[in-house]
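Just below is one structure, and these are the notes that go with it.
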Amino acid sequence: MQRKRTTLIAATGAVGLAAAALAIIAPSALAEPGGGHAYGHDRQDCALEAPGTLGGDLGAHDPGLFAPCTDGEPWYVFATGWGPLGDGNVTIRSSTDDGATWNYVDTVWDAKPQWLKDAVPGVDNIWAPEIHFDEAQDKFYLYYSASTFGQQRSVIGLATNTTLDPADDDYEWVDEGQVWESNQGDPYNAIDPTILEAGGKHYMAYGSWWQGIYMLELDWPSGTVKSGATPAHIAGRGGAGIEAPVLTEHGGYYYLFTSWDVCCAGADSTYNIRVGRSTSPTGPFVDANGVALTDGGGTLVLGAHGDYVATGGQSISNGLMAYHSYHEDGHFDLGIEKIEWNAQGWPVLDGV
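According to mature numbering (1 follows the signal peptide of the UniProt record, and there is no 0), the stretch in the sequence shown is residues -31 to -1, 1 to 321, in order.
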């Protein structure tokens, strides 16, 4: 396998936050993805069909999905790191059959950047990556979080690349350093970053437990937090479990999806996906009953289904939602389905 080249840039500015810890099953045999990166030159704005029944290596926790519009191009899923693989760095899987079959590819880096280990002592696995493609820059922005389980000292970091194909001569993950941080006593735990582009601006939502989900405007194209930006509270449950935000636009509304309750407990997990919406990308968001998400509102979209007891850790790419679901036997699997919309404009998922 061709190994990735890594460029490390000295980390500057504020530090990012981290996500919930877990034990992830070992990925299966390694496989190279195919194709070039023509998707890097095509607008990512289309309506894809769901791949249906998935196969291959589905052990992707907190999946960050990139499903390109270009026919024949590989799909990618970035996921929380596992054990010794690449020093616990973000894992990469690819599919060459429109998301139906998944193969483990590699980790983003072979070892964590030193600034990250210094910022979060004892950090093990890197959590909850989010992949964002910027057409104007022809560049991929990979946000990720680092923390230790149950702790508020967390960071969000950023890496960039001009292609996702490891066989491409231009393939190189550049470490852009720290983006944001949380410390003991902050109202948030800044983990689980997600990116929204709206009205010519870029926003990062993040959060886990504590007082919930917050949002910051980003400086672009640097991808760092805009100077003087103040975190805005956009969803919370008064200290109960809420995390893993992801945002999308549909029919004139901006939809904020979050994961509620308990992740990472095997068959005892109670994760479920909730949603609210707003006419503004920054809120206020309300659920289908009109309850503000900052007051504990959130309409259930998907939780337990079939043989699965819990679902969460979601991301969205071109109308598809990726998530992981915990099986009643304790393991977890990647799921991908198309978001359907009911007559009132609310999202519908069925777990298949």
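Note that beta-carbon positions come from the ideal geometry of N, C-alpha and C, so glycine has one too.
Query, Result
"Got a sec, what are the start and stop residues for the beta strand (DSSP E) residue 85 sits in?", "Not the beta strand (DSSP E): residue 85 falls in the alpha helix (DSSP H), residues 83 to 88."
"For residue 264, count neighbouring Cβ atoms within 10 angstroms of its own Cβ and tell me buried if that reaches 16, exposed if not.", "exposed"
"With H, G and I counted as helix, E and B as strand and the rest as coil, what does DSSP make of residue 236?", "helix"
"Could you give the residue range of the beta strand (DSSP E) that holds residue 195?", "Segment: none, residue 195 is in no beta strand (DSSP E) and carries neither H nor E."
"Does the beta-carbon of residue 317 have 16 or more other beta-carbons within 10 angstroms, so that it is buried, or is it exposed?", "exposed"
"Below 8 Å, how does it come out for the region 271 to 282 and the region 248 to 259: are there three or more Cβ pairs, yes or no?", "no"
"Go ahead and pull the three-state DSSP assignment for residue 23.", "coil"
"State the beta-bridge partners of residue 306 as determined by DSSP.", "290"
"In whole angstroms, give me the CA-to-CA distance for residue 85 and residue 183.", "22 Å"
"If you reduce the DSSP assignment to three classes, tell me which class residue 133 lands in.", "coil"
"Buried or exposed: where does residue 321 fall if 16 or more other Cβ atoms within 10 Å of its Cβ makes it buried?", "exposed"
"Could you say which of 103, 281 and 46 lies nearest to residue 230 if we only look at CA atoms?", "281"
"Give the list of continuous beta strand (DSSP E) stretches no shorter than 3 residues that lie fully inside the region 111 to 194.", "123 to 130, 141 to 151, 163 to 167, 170 to 175 and 182 to 187"
"Does the pairing of the region 27 to 41 with the region 278 to 298 give three or more beta-carbon distances under 8 Å?", "yes"
"What's the gap between the Cα of residue -4 and the Cα of residue 298?", "Because residue -4 carries a pLDDT of 34, less than 50, the predicted location of this residue cannot be relied on, and no value is offered for it."
"Specify the secondary structure class of residue 251 as computed by DSSP and reduced to three states.", "coil"
"Could you have a look at residue 282 and say whether DSSP puts it in helix, strand or coil?", "strand"
"Need the endpoints of the beta strand (DSSP E) that residue 392 sits in, please.", "Beyond the ends of the chain as shown, which are -31 and 321, falls residue 392; an answer cannot be given."
"Compare the C-alpha of residue 153 against each of 290, 16 and 89 and name the closest.", "89"
"Considering only residues of the same chain and omitting the five flanking positions on each side of residue 56, which have a CB-CB separation below 7 Å?", "79, 80 and 81"
"Return the residue from the list 246, 194, 188 and 303 that minimises the CA-CA distance to residue 149.", "194"
"Taking its Cβ as the centre, do 16 or more other Cβ atoms sit within 10 Å of residue 313, making it buried, or is it exposed?", "exposed"
"Should residue 301 go down as buried or exposed, given a rule of 16 or more other Cβ atoms within 10 Å for buried?", "buried"
"From residue 309 to residue 245, what distance separates their C-alpha atoms?", "15 Å"
"Determine whether the beta carbon atoms of residue 112 and residue 98 lie at a separation below 9 Å.", "yes"
"According to the Cβ coordinates, are residue 174 and residue 203 closer than 9 Å?", "yes"
"What is the residue span of the beta strand (DSSP E) that residue 214 lies within?", "211 to 219"
"Can you round the beta-carbon distance between residue 142 and residue 128 to whole angstroms, since I take them to be within the 8 Å contact cut?", "5 Å"
"Please report how far the alpha carbon of residue 107 lies from the alpha carbon of residue 54, in whole angstroms.", "29 Å"
"Roughly how many whole angstroms lie between the Cα atoms of residue 319 and residue 16?", "18 Å"
"Between which residues of its own chain and residue 208 is the CB-CB distance below 8 Å, once the five residues before and five after are set aside?", "178, 179 and 180"
"I think residue 133 touches residue 45, with their Cβ atoms under 8 Å apart; what is that distance to the nearest whole Å?", "5 Å"
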